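Going by this note's numbering, the sequence shown wraps up at 368, each residue one higher than the last.
For reference, the structure discussed in these notes is given below.
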Amino acid sequence: MLYFDVYTMFKIPVLIFKKERGIKRIAGALLAWLFFVVAGIFSYLCMLLDYVFFPGVRKVEVKAPIFVVGNGRSGTTQMHRLLTGDEERMSFFKGYELLIPSLVQKKMLAGAAALDRLLLGGRIYKRIRDKHDNGLQEVRQMHDWRMDSSEEDDFIMLYNFSASTLITFFPYIREFHYLFYTDQRPEKARRRIMGFYKAALQRQIYATGSNRIHCCKSPSFTVKIRSLRETFPDARFVAMVRNPAEMLPSLEHLMQWYWDKQGCHSELSHEAAKALSDQQMSQYNYMFEALASIPAKDQFVVHFPDLVADPKAVVEGIYERFGMPISPSYAAFLDEEREKAQHFVSKHDYEKASGEERERYTAQIPELALRFGW
């Protein structure tokens, strides 16, 4: 089932003119919106063509997928990259693959890359890679975004305008509340949104091998847990948890950096940061409420300090819970990651929460604060 959120698509330019200031920012936001419209329509048409050229994609089963959920800046990226290090078992989206959801697009890109290697010795690829690396040096101090590494599944739904990560480009969080809480939407809308996501996973698994387990990381999927379980009844969840006094300042700093770089005025970025903070705090309790309805064998909770201290031990616990053996090659990979963790020093510099803020955060989630010693 393919779905395109026309309502949100047309809502964005209205909000741009209502919320933004300055010709440069308004023009930039409109260009970003136009890019998503054109790319979205093209991707949608290519996904329809998949059914013509790759009819077997309809029959692909998405078996027991693993979803890494939790608040932003709670270790979801690190956890996801540890799990997707099991390359023999896992299917996942690399950064560039989130831009090309259809099999037709994947084939087109593969053909273009082959011609580049044959005729130009890979010069086009090298130029794109160098520009990409140079352009992302600053943001990588805060988030290690890479086009050739595992990334967040929610981005695959940018093109149909149902992704909550639209707020990265259009920080109108209160107006886009419904994009976060898919679980609270009417059944018809919920099924259409998740149907599109399932169709994207079918294509990725078709491309990478039908025997693979899809492994997803997406903080925004935390408030989609019930919808995910409804769509994939055997879905499993790795739930990341971090002290909000550490998580929220880090997340707000990262997002405000994005918005400031795009030219958003300070009033809008501060308003968006406050709305995001409120949304993230409500997400804490929601995650555990949703997990309460899922059997223990299909979920694993990871406290961020445990992941930092010994990533291999955490992964071993997950694999044991989910009944998956660890291969010798993957065990060697985990040994390397454990060694790196012992010498890792974060380069993300941000102002920590004050004592008063810490008390305010923990007062909103007293049971979790007691459980995790916050």
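Using N, Cα and C, we set each Cβ at its ideal position, and we do this for glycine too.
As the structure is a computational prediction, the values presented were derived from the model and not from experiment.
With distances taken from CA atoms, which of the options is nearest residue i?
{"i": "Phe164", "options": "Phe(-2), Ala21 and Met141", "result": "Ala21"}
{"i": "Gln72", "options": "Ile17, Lys211, Asp124 and Asp292", "result": "Lys211"}
{"i": "Ser96", "options": "Arg83, Val63 and Met41", "result": "Met41"}
{"i": "Val308", "options": "Ala286, Pro322 and Glu331", "result": "Glu331"}
{"i": "Lys53", "options": "Phe327, Gln336, Ile199 and Gln274", "result": "Ile199"}
{"i": "Val446", "options": "Leu301, Tyr313, Ala233 and Gln336", "result": "Since the first and last residues shown for the chain are -5 and 368, residue 446 lies out of range."}
{"i": "Tyr153", "options": "Phe190, Asp329 and Leu301", "result": "Phe190"}
{"i": "Pro227", "options": "Tyr166, Leu24, Phe215 and Pro289", "result": "Pro289"}
{"i": "Phe409", "options": "Gln336, Asp300 and Tyr313", "result": "With the chain covering only -5 through 368, there is no way to say anything about residue 409."}
{"i": "Arg140", "options": "Met3, Asp127 and Lys120", "result": "Asp127"}
{"i": "Arg352", "options": "Arg123, Met275 and Ser260", "result": "Met275"}
{"i": "Ile10", "options": "His264, Glu261, Tyr166 and Leu39", "result": "Tyr166"}
{"i": "Ala326", "options": "Gln336, Lys306, Ala335 and Phe48", "result": "Lys306"}
{"i": "Ser263", "options": "Thr162, Ser68 and Gln273", "result": "Thr162"}
{"i": "Phe30", "options": "Thr2, Val63, Val46 and Lys334", "result": "Thr2"}
{"i": "Ala335", "options": "Ala104, Arg185, Phe48 and Gly69", "result": "Gly69"}
{"i": "Ala201", "options": "Lys101, Thr356, Pro360 and Val63", "result": "Lys101"}
{"i": "Tyr280", "options": "Ala267, Val46 and Val63", "result": "Val63"}
{"i": "Val8", "options": "Ala23, Tyr(-3), Phe(-2) and Leu(-4)", "result": "Ala23"}
To the nearest angstrom, how far is the alpha carbon of residue i from that of residue j?
{"i": "Lys182", "j": "Lys5", "result": "20 Å"}
{"i": "Glu14", "j": "Met249", "result": "17 Å"}
{"i": "Leu362", "j": "Pro213", "result": "18 Å"}
{"i": "Ser85", "j": "Arg111", "result": "26 Å"}
{"i": "Met298", "j": "Ile219", "result": "Per the sequence shown, the amino acid found at residue 298 is Phe instead of Met. Taking the straight line joining both Cα atoms gives about 20 Å."}
{"i": "Gly311", "j": "Cys258", "result": "43 Å"}
{"i": "Leu160", "j": "Arg117", "result": "32 Å"}
{"i": "Val217", "j": "Leu113", "result": "47 Å"}
{"i": "Tyr324", "j": "Ala303", "result": "19 Å"}
{"i": "Arg315", "j": "Asp80", "result": "16 Å"}
{"i": "Glu55", "j": "Lys291", "result": "21 Å"}
{"i": "Gln293", "j": "Gln196", "result": "23 Å"}
{"i": "Ser271", "j": "Glu246", "result": "7 Å"}
{"i": "Glu82", "j": "Ala286", "result": "31 Å"}
{"i": "Lys192", "j": "Leu77", "result": "20 Å"}
{"i": "Val235", "j": "Gln277", "result": "11 Å"}
{"i": "Val0", "j": "Asp44", "result": "22 Å"}
{"i": "Ala269", "j": "Glu169", "result": "10 Å"}
{"i": "Trp253", "j": "His74", "result": "25 Å"}
{"i": "Arg230", "j": "Ile17", "result": "46 Å"}
{"i": "Phe282", "j": "Met188", "result": "21 Å"}
{"i": "Ser369", "j": "Gly203", "result": "Here the chain has residues from -5 to 368 only, and residue 369 is not among them."}
{"i": "Leu25", "j": "Ile35", "result": "15 Å"}
{"i": "Gln358", "j": "Glu350", "result": "13 Å"}
{"i": "Phe47", "j": "Ala104", "result": "16 Å"}
Is residue i buried or exposed, if buried means 16 or more other CB atoms sit within 10 Å of its CB?
{"i": "Gly317", "result": "exposed"}
{"i": "Ala194", "result": "buried"}
{"i": "His171", "result": "exposed"}
{"i": "Ala108", "result": "exposed"}
{"i": "Leu28", "result": "exposed"}
{"i": "Val98", "result": "buried"}
{"i": "Ala106", "result": "exposed"}
{"i": "Met151", "result": "buried"}
{"i": "Asn65", "result": "buried"}
{"i": "Gly50", "result": "exposed"}
{"i": "Asp148", "result": "buried"}
{"i": "Phe364", "result": "The residue you asked about is not Phe; residue 364 is Leu in the sequence shown. With fewer than 16 Cβ atoms within 10 Å of its Cβ, Leu364 is classed as exposed."}
Cβ of residue i versus every heavy atom of the ligand SAH: is any distance shorter than 8 Å?
{"i": "Tyr119", "result": "As for the ligand SAH, it is missing from this structure, which has no ligand bound."}
| request: Please specify which runs of the alpha helix (DSSP H), each continuous and at least 4 residues long, are wholly inside the segment 94 to 177, giving them in chain order. | output: Scanning the segment 94 to 177 from its first residue to its last, the whole alpha helix (DSSP H) runs of 4-plus residues come out as 97 to 114, 117 to 129 and 171 to 174.
| Quick check: the segment 74 to 90 against the segment 140 to 152, are there 3 or more CB pairs under 8 Å? | In short, these stretches touch, since the Cβ pair count reaches three.
| query | So does the segment 57 to 73 actually touch the segment 201 to 209, counting three or more Cβ pairs closer than 8 Å? | reply | They touch, by the three-pair rule.
| query | Between the segment 173 to 192 and the segment 231 to 245, do three or more beta carbon pairs fall short of 8 Å? | reply | Result no; under three Cβ-Cβ pairs closer than 8 Å.
| Mind pulling the alpha helix (DSSP H) runs of 4 or more residues that sit fully within the segment 16 to 75? | Counting only runs of 4 or more, we get 17 to 47.
| said: If we require 4 or more residues per run, which alpha helix (DSSP H) segments fall completely within the segment 291 to 321? | reply: 298 to 303 and 305 to 316, all fully within the segment 291 to 321.
| query | Can you give, in chain order, each stretch of the beta strand (DSSP E) that sits fully within the segment 241 to 297 and has at least 3 residues? | reply | Those beta strand (DSSP E) runs which fall completely within the segment 241 to 297 and span 3+ residues are 293 to 297.
| query | Which residue spans inside the segment 189 to 237 form an unbroken alpha helix (DSSP H) run of at least 4? | reply | Look at the segment 189 to 237 and you find these whole runs of alpha helix (DSSP H), each 4 residues long or longer: 219 to 225.
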